[in-house]
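K.L.:
Which chain is which? The protein sequence lines are A and B, in order. Quick note on numbering: this note's numbering labels position 105 of the first sequence as 255, and the sequence is numbered without any gaps. Quick note on numbering: this note's numbering labels position 104 of the second sequence as 133, and the sequence is numbered without any gaps. Think of the CB as a built atom: it goes at the ideal place given N, C-alpha and C, for glycine as much as any other residue. Since the model is a prediction, treat every value here as computed from it, not as a measurement. Take a look at this one; I'll ask things after.
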Amino acid sequence: AQSVSQHNHHVILSEAASLELGCNYSYGGTVNLFWYVQYPGQHLQLLLKYFSGDPLVKGIKGFEAEFIKSKFSFNLRKPSVQWSDTAEYFCAVNADTGKLIFGQGTTLQVKP
Amino acid sequence: DAGVTQSPTHLIKTRGQQVTLRCSPISGHKSVSWYQQVLGQGPQFIFQYYEKEERGRGNFPDRFSARQFPNYSSELNVNALLLGDSALYLCASSFGVGPRYGYTFGSGTRLTVV
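Shown next as structure tokens:
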């Protein structure tokens with residue numbers, strides 16, 4: 151069965167610090183990978199996605215993620231976080247159907 | 030252009046009762062999926078419908094059911110509510126089914142079972 155694991159449950163950073171959120175998935179075949187963000191009181195929004203090709207994908211708001219097939223990982227990065235990045239971040243995988251499998255989420259708190 | 034709309038936004042029910050949650054997809058989207066998000070966890074897949082047919086079902090008991098209407102809107106029904114059904118129920122719409130279609134999520138219905 152497919153599963154997604156996010157290593158960090160709660161991350162606290164100061165503004166301008168660099169961010170990296172870990173995500174590992176378990177599935178041996180071709181996968182499609184996503185990062186979603188949920189700002190306080192808002193709906194889930196797509197940050198970025200990887201289907202194939204260049205393993206370094208760029209998303210909205212300065213976020214990027216790198217797909218490392220050998221490590222079954224899809225880590226999210228941002229060079230310099232802002233207070234407005236405070237939110238919950240979810241990694242998700244979609245392998246064979248329209249079903250998204252989500253990780254448990256990482257709460258990011260950015261201190262001004 | 031309206032996004033995915035869900036109603037109601039909040040709901041309080043008593044154990045044993047039944048509840049119906051509603052979702053209207055983005056215009057032109059023919060697929061609707063339902064997810065349950067328990068506090069502190071990621072969303073879990075419940076159902077996916079496309080062109081009024083069930084295309085996927087998650088690991089949820091038969092108390093959970095859903096349907097899709099000709100206008101592509103959808104209802105999620107939960108019978109014999111348990112305290113553990115308290116969660117945020119999310120609806121996502123997409124143009125089609127399959128791994129590469131983009132999903133747009135609604136803001137959810139917060140269900141509290143007391």
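So if DSSP puts glutamate 104(B) in a beta bridge, which residue, or which two residues, is it bridged to?
P.N.:
Answer is Arg51(B) and Arg96(B).
K.L.:
If the cut is a Cβ gap below 9 Å, which residues of chain B does alanine 245(A) touch?
P.N.:
Near alanine 245(A) (Cβ distances below 9 Å), the residues of chain B are Pro128.
K.L.:
Count the other CB atoms within 10 Å of the CB of proline 229(A); is the residue buried (16 or more) or exposed (fewer)?
P.N.:
It counts as exposed.
K.L.:
Per DSSP, what kind of secondary structure is serine 230(A) in: helix, strand or coil?
P.N.:
Reduced to three states, the DSSP call for serine 230(A) is coil.
K.L.:
Cα separation between phenylalanine 240(A) and glycine 45(B)?
P.N.:
Taking the straight line from one Cα to the other gives about 32 Å.
K.L.:
Quick check: is the beta carbon of serine 136(B) nearer than 7 Å to any beta carbon in chain A?
P.N.:
Answer yes: the Cβ-Cβ gap between serine 136(B) and chain A drops below 7 Å somewhere.
K.L.:
Rounded to the nearest angstrom, what separates leucine 206(A) and proline 262(A) at their Cα positions?
P.N.:
Near 29 Å, if we compare the C-alpha coordinates of proline 262(A) and leucine 206(A).
K.L.:
Under the three-state reduction of DSSP, which class applies to glycine 113(B): helix, strand or coil?
P.N.:
Correct three-state label for glycine 113(B): helix.
K.L.:
Cutting at 6 Å between CB atoms, please list the residues of its own chain near leucine 194(A), excluding the five before and the five after it.
P.N.:
If we look at leucine 194(A) and ignore the five residues flanking it on each side, its Cβ neighbours are Tyr186 and Gln188.
K.L.:
Spatial neighbours of arginine 51(B) within its chain, please: CB distance less than 6 Å, with the 5 preceding and 5 following residues excluded, ordered by chain position.
P.N.:
Cβ neighbours of arginine 51(B) beyond the five flanking positions: Ser36 and Glu104.
K.L.:
Are there 16 or more other CB atoms within 10 angstroms of the CB of asparagine 225(A), so buried, or fewer, so exposed?
P.N.:
Asparagine 225(A) comes out buried.
K.L.:
Relative to the alpha-carbon of tyrosine 177(A), which residue among Asp235(A), Glu165(A) and Ser153(A) has its alpha-carbon at the smallest distance?
P.N.:
The shortest Cα separation from tyrosine 177(A) among Asp235(A), Glu165(A) and Ser153(A) belongs to Ser153(A).
K.L.:
Less than 7 Å between the beta carbons of glycine 125(B) and serine 60(B), yes or no?
P.N.:
In this structure, serine 60(B) lies closer than 7 Å to glycine 125(B) by Cβ.
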